[in-house]
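J.: Chains as they are written, first to last, in this note's numbering: chain P, 1 to 462; chain D, 1001 to 1462.
Virtual Cβ for every residue (Gly too), placed ideally from N, Cα, C.
Given the structure is predicted, the values throughout are model-derived calculations rather than measurements.
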């Protein structure tokens, strides 16, 4: 499942590029990539990625980078986890009704991969015999950021029990009681057979199952993606798998596991799983810290200096800077909600906008002009388009561009410039083997992104 | 005196544009402008600005903006305040040997302008009768950031005394004692007659006076500036006027004054003189603060959010971000020294580089290319130049450019582009009445600023 947002890791994680796709891990991978690599061994069948339509090109690109082949299923809108689980179970059922399915969130971090493998083999075995198993994490501190599971009295296997109950994120005091009483963190990762899950959905959430079934039946293949039917999927209730099934099924079980798990839900939890220096600091990017301790400082570009502070989070990006106490880091969610309410672009959108053909980023803007850096991947082709209010100058600084202007097609190489008058029909294509980079200077009375008439688009975005 | 640096207000104040020229005040003026406006009334003669050669165009431009006519004297290198005072006194002597001169630092903030006027009239009167008066500030807290003056027993006038001694910046405890004992802050602002100061310099710092005299005698007028003779000025000892004269003269006096004075030496002292909101915060620019108190947050561009912090300083600029505890703010000086030692450009140079003809700012850089935004003031003319390693594309986005390429001169208007091949001799000129703005895309094997051969320059920079 790779469809979430993760606003508490703002300004790095935003709706347009949420935390699971950000290279936050020490090895340079995103949590999504790490998750996919985790299930890419010989023990696993071809994985099914269920993600939001908006993230389809990011997901495909990140999978290509790690050489992972997966089925990418697109949710046309968000309907919480029950609908996603139903879709996954139905697709898995086509392959094998009784085989064990592993359902993983794509935004979790695992410290002990071997321990994870041991736990997975165990729950897979139990899933094959008809259980819906959830991975419970033995808490190492009374976290108020996670839901908890109270194991039941029935021992199913070594470390695995029936489930007494699920509980929501507690306050600190309650969390301490839970730990004393042997509760486990609810990791939100499950194992089940397709037929068991489908059966339980039929019993406890038939509307979810029915919507998912129709959405899968009417799904269309679009480029490399499976696009679920929009109307059918939309008719599903928005409910989590915990509420829909787990809290009600009699087939549930929980395995207590310890494999250094974190959902990296906010900057403080990310800091907790990262390697830190002797002062307890984690410094990433162009960062200097003086008389500073137990702090997380990350810079994407600007030189960032921290002086005389303990327990702070400082995150600087191209267009937004966050400074928070470590303790208040989960409140970033509230901050982002407020920014959204105020209509701030930075709340949900990065300055670098990813597109199927590559990306672009504004580098300057002023009265009647705007400048962008555009990167087109080899083979990438922008839509055939026209603008009503701006002319454009393209200066190629890397690679080769094939530029269509009205009827004419011409190649431009490094240090060559093309001029696109207002109103001309044009298209940009990278016919080469290396990235095409160009600087676009827009001049006109209006330079908004919505002054675009798409005449034709190879990525079906017209 | 407007030659100082002010690294404790980094990253806003840098060597290339120090604090006295930054519009830090609530009315949008720089402290330099506020100082000049303060002495622009009918009571004052044409002011003499003594500044560093590097700041000549900034000073001239800021004076033009406020409509202030002044004599701008350029120090070829830094020689501390005694040499500057000597130069000022010698220039003033030419106008009137006995008239009262007011010597002001250009980086101070005055809260009560009327109170300042009253104090100035008082010290001017005493200066005319042969005293070297210094403005002492009645402390409102035991600051460790200022030097102190102990008034002597002799009362010269209401509020004015002889000087018992000058003392350096004390520790907190000593500062408390000083306050109990009636010491005053040493503001570094003076009043004297030219002949008195020249006489005392002759007695106590003859080398300083002699160097200054030769530097003034051999000075040349260069455009609108008086350029002191480099060799003569360089021969002056580097010493402050306090050490050179004030601690030794028998003519000294101090007036106790209260006019809301601050030297805005560091972010905490700037915060103290600014208007603050109900939470004790001062928020400037695109800033959001949640659960935050007694903090100073300033952003030049990026959306800057602060969550759950008390007593912090957050300053974000285009290329550098500072996050400090309010208490540690004076340590920024140490930080900047370390950055300089590490050879960091950001320590001393802004991203926007001011030139006599306008300014330029890098907006993007990559392998074999660089993009700049260039702004040329009406009438501004860049040097006739040539590059060995880069070609340039200029796209005009505002105003009109007169472009010389080898033998050809051509006009370019908004939305027109010029191409400058490697090695061509070229010049850019703004012949119009409004700013000329253009986007420059440089392409080549080396895009460093030092790949420039200046063939001719109207600003004498060849």
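Kindly identify the DSSP beta-bridge partner or partners of residue 1133 (chain D).
T.: Along the second chain, one-based indexing puts residue 1133 (chain D) at 133. Beta-bridge pairing links residue 1133 (chain D) to D:1191, D:1253.
J.: What residues are listed by DSSP as bridge partners for residue 163 (chain P)?
T.: Within the first chain, numbered from 1, the residue matching residue 163 (chain P) stands at position 163. Answer is P:151, bridged to residue 163 (chain P).
J.: Suppose the cutoff is 6 Å on Cβ atoms and the five residues either side in sequence are ignored; what does the same chain contact list for residue 374 (chain P) look like?
T.: As a first step, residue 374 (chain P) must be located in the first chain, where it is residue number 374. So the qualifying residues of the chain are 360, 438, 440.
J.: Are the C-beta atoms of residue 1327 (chain D) and some chain P residue less than 8 Å apart?
T.: On the second chain, position 327 is the one that residue 1327 (chain D) refers to. Output row for residue 1327 (chain D): interface = yes.
J.: By how many angstroms is the C-alpha of residue 1404 (chain D) removed from the C-alpha of residue 1425 (chain D)?
T.: On the second chain, position 425 is the one that residue 1425 (chain D) refers to. On the second chain, position 404 is the one that residue 1404 (chain D) refers to. Looking at the two C-alpha atoms, the distance is approximately 8 Å.
J.: Does residue 1393 (chain D) come within less than 8 Å of chain P when only Cβ atoms are used?
T.: On the second chain, position 393 is the one that residue 1393 (chain D) refers to. Interface residue, yes.
J.: I believe residue 137 (chain P) touches residue 1335 (chain D) by the beta-carbon criterion, under 8 Å. Please report the beta-carbon distance rounded to the nearest angstrom.
T.: In the first chain, the residue the question calls residue 137 (chain P) occupies position 137. In the second chain, the residue the question calls residue 1335 (chain D) occupies position 335. Contact doesn't hold; Cβ gap of about 41 Å is too wide.
J.: Using the C-alpha atoms, what's the distance from residue 182 (chain P) back to residue 158 (chain P)?
T.: As a first step, residue 158 (chain P) must be located in the first chain, where it is residue number 158. As a first step, residue 182 (chain P) must be located in the first chain, where it is residue number 182. Cα-Cα distance, rounded: 15 Å.
J.: By Cβ distance below 6 Å, which residues in the same chain neighbour residue 111 (chain P) in space, the five residues on each side in sequence not counted?
T.: Position 111 of the first chain, counted from the first residue, corresponds to residue 111 (chain P). Result list for residue 111 (chain P): 260, in chain order.
J.: Would you tell me roughly how many angstroms separate the C-alpha atoms of residue 1389 (chain D) and residue 1066 (chain D), rounded to the nearest one?
T.: The residue given as residue 1389 (chain D) occupies position 389 in the second chain. The residue given as residue 1066 (chain D) occupies position 66 in the second chain. Each residue's alpha carbon lies about 42 Å from the other.
J.: Pull up the distance between the alpha-carbon of residue 1108 (chain D) and that of residue 1128 (chain D), whole angstroms please.
T.: Against the second chain, residue 1108 (chain D) aligns to sequence position 108. Against the second chain, residue 1128 (chain D) aligns to sequence position 128. Rounded to the nearest angstrom, the two C-alpha atoms are 24 Å apart.
J.: Between the stretch 1336 to 1347 of chain D and chain P, which residues of the former have a C-beta closer than 8 Å to a C-beta of the latter?
T.: Under the 8 Å Cβ criterion, the stretch 1336 to 1347 of chain D contributes 1338, 1339, 1344, 1346.
J.: Just the chain D side, please: which residues come within less than 7 Å of residue 419 (chain P) by C-beta, in chain order?
T.: In the first chain, the residue the question calls residue 419 (chain P) occupies position 419. Within chain D, the residues near residue 419 (chain P) are 1417.
J.: Between which two residues does the beta strand (DSSP E) containing residue 1419 (chain D) stretch?
T.: Residue mapping note: residue 1419 (chain D) aligns to position 419 of the second chain, counting from 1. Taken as a continuous stretch (DSSP letters only), the beta strand (DSSP E) holding residue 1419 (chain D) covers 1417 to 1420.
J.: At what residue ranges does the stretch 11 to 64 of chain P contain a whole run of the alpha helix (DSSP H), taking only runs of 4 or more?
T.: Runs of the alpha helix (DSSP H) inside the stretch 11 to 64 of chain P: 31 to 38.
J.: State the DSSP-derived secondary structure class of residue 1248 (chain D), mapped to helix, strand or coil.
T.: Numbered from 1 along the second chain, position 248 holds the residue referred to as residue 1248 (chain D). Coil.
J.: Just mark residue 445 (chain P) as buried or exposed, buried being the case when its beta carbon has 16 or more other beta carbons within 10 Å.
T.: On the first chain, position 445 is the one that residue 445 (chain P) refers to. Under this definition residue 445 (chain P) is an exposed residue.
J.: For residue 1022 (chain D), which residues in the same chain have their Cβ closer than 7 Å to its Cβ, ignoring the five residues on either side in sequence?
T.: As a first step, residue 1022 (chain D) is located in the second chain; it is residue number 22 there, counting from the start. 1012, 1013, 1030, listed in sequence order.
J.: Hey, out of P:2, P:1, P:7, whose CA is closest to residue 471 (chain P)'s CA?
T.: Shown here, chain P extends from 1 to 462; a query on residue 471 (chain P) therefore has no answer.
J.: How about residue 1316 (chain D): is its C-beta nearer than 8 Å to some C-beta of chain C?
T.: In the structure shown, chain C does not exist; the protein chains are P and D.
J.: Give me the Cα-Cα distance between residue 126 (chain P) and residue 160 (chain P), rounded to the nearest whole angstrom.
T.: For the purposes of this step, residue 126 (chain P) is identified with residue 126 of the first chain, where counting begins at 1. For the purposes of this step, residue 160 (chain P) is identified with residue 160 of the first chain, where counting begins at 1. For residue 126 (chain P) and residue 160 (chain P), the distance between alpha carbons rounds to 9 Å.
J.: Would you list the residues sitting across from residue 288 (chain P) in a DSSP beta bridge?
T.: The residue you call residue 288 (chain P) lines up with position 288 of the first chain. Residue 288 (chain P) pairs with P:305.
J.: Would you mind telling me which residues of chain D sit closer than 9 Å to residue 309 (chain P), beta carbon to beta carbon, in chain order?
T.: Looking up residue 309 (chain P) in the first chain gives position 309. Correct list: 1309, 1312, 1323, 1324, 1325, 1328.
J.: Just by C-beta distance, which residues in the stretch 264 to 294 of chain P are closer than 8 Å to chain D?
T.: Listed by position along the chain: 288, 290, 291.
J.: Can the beta-carbon of residue 216 (chain P) be found closer than 8 Å to that of residue 87 (chain P)?
T.: The residue labelled residue 216 (chain P) in the question sits at position 216 within the first chain. The residue labelled residue 87 (chain P) in the question sits at position 87 within the first chain. Yes, the Cβ-Cβ distance between residue 216 (chain P) and residue 87 (chain P) is below 8 Å.
J.: Using a Cβ-Cβ cut-off of 8 Å (strictly less than) and excluding sequence neighbours within five positions of residue 301 (chain P), which residues of its own chain qualify?
T.: The residue you call residue 301 (chain P) lines up with position 301 of the first chain. If we look at residue 301 (chain P) and ignore the five residues flanking it on each side, its Cβ neighbours are 285, 286, 316, 317, 318.
J.: Does DSSP put residue 325 (chain P) in a helix, in a strand, or in coil?
T.: Residue numbering aside, residue 325 (chain P) sits at position 325 when the first chain is read from its first letter. Three-state DSSP puts residue 325 (chain P) in a strand.
J.: Using 10 angstroms around the beta-carbon of residue 1190 (chain D), count the other beta-carbons present and answer buried if the total reaches 16, otherwise exposed.
T.: What you label residue 1190 (chain D) is simply residue 190 of the second chain in a count that begins at 1. Counting Cβ neighbours within 10 Å, residue 1190 (chain D) comes out buried, since at least 16 surround it.
J.: In its own chain, which residues sit with a C-beta less than 6 Å from the C-beta of residue 459 (chain P), not counting the 5 before and 5 after it?
T.: In the first chain, the residue the question calls residue 459 (chain P) occupies position 459. Correct list, in chain order: 356.
J.: DSSP state of residue 376 (chain P), grouped into three classes?
T.: Taking the first residue of the first chain as position 1, residue 376 (chain P) is located at position 376. Three-state result, residue 376 (chain P): strand.
J.: According to the neighbour-count rule (16 or more other Cβ atoms, all chains shown, within 10 Å of its Cβ), is residue 1028 (chain D) buried or exposed?
T.: Translated into the one-based positions of the second chain, residue 1028 (chain D) becomes position 28. By the neighbour-count rule (16 or more Cβ atoms within 10 Å), residue 1028 (chain D) is not buried but exposed.
J.: Does the Cβ of residue 206 (chain P) have 16 or more other Cβ atoms within 10 Å, making it buried, or fewer, making it exposed?
T.: Counted from its first residue, the first chain places residue 206 (chain P) at position 206. Exposed, since its Cβ has fewer than 16 Cβ neighbours within 10 Å.
J.: Counting along the chain, where does the alpha helix (DSSP H) carrying residue 1270 (chain D) start and finish?
T.: Counted from its first residue, the second chain places residue 1270 (chain D) at position 270. Run containing residue 1270 (chain D): 1267 to 1273, per the alpha helix (DSSP H) assignment.
J.: By the criterion of Cβ-Cβ separation under 8 Å, what are the contact partners of residue 368 (chain P) in chain D?
T.: Translated into positions along the first chain, residue 368 (chain P) becomes position 368. Correct list: 1397, 1398, 1414.
J.: Note the first and the last residue of the continuous alpha helix (DSSP H) segment covering residue 1312 (chain D).
T.: Within the second chain, the letter at position 312 stands for residue 1312 (chain D). Taken as a continuous stretch (DSSP letters only), residue 1312 (chain D) belongs to no alpha helix (DSSP H), being part of the beta strand (DSSP E) at 1312 to 1316.
J.: For residue 369 (chain P), which residues does DSSP report across the bridge?
T.: For the purposes of this step, residue 369 (chain P) is taken as residue 369 along the first chain, with counting starting at 1. Answer by DSSP bridge pairing, in chain order: P:366, P:443.
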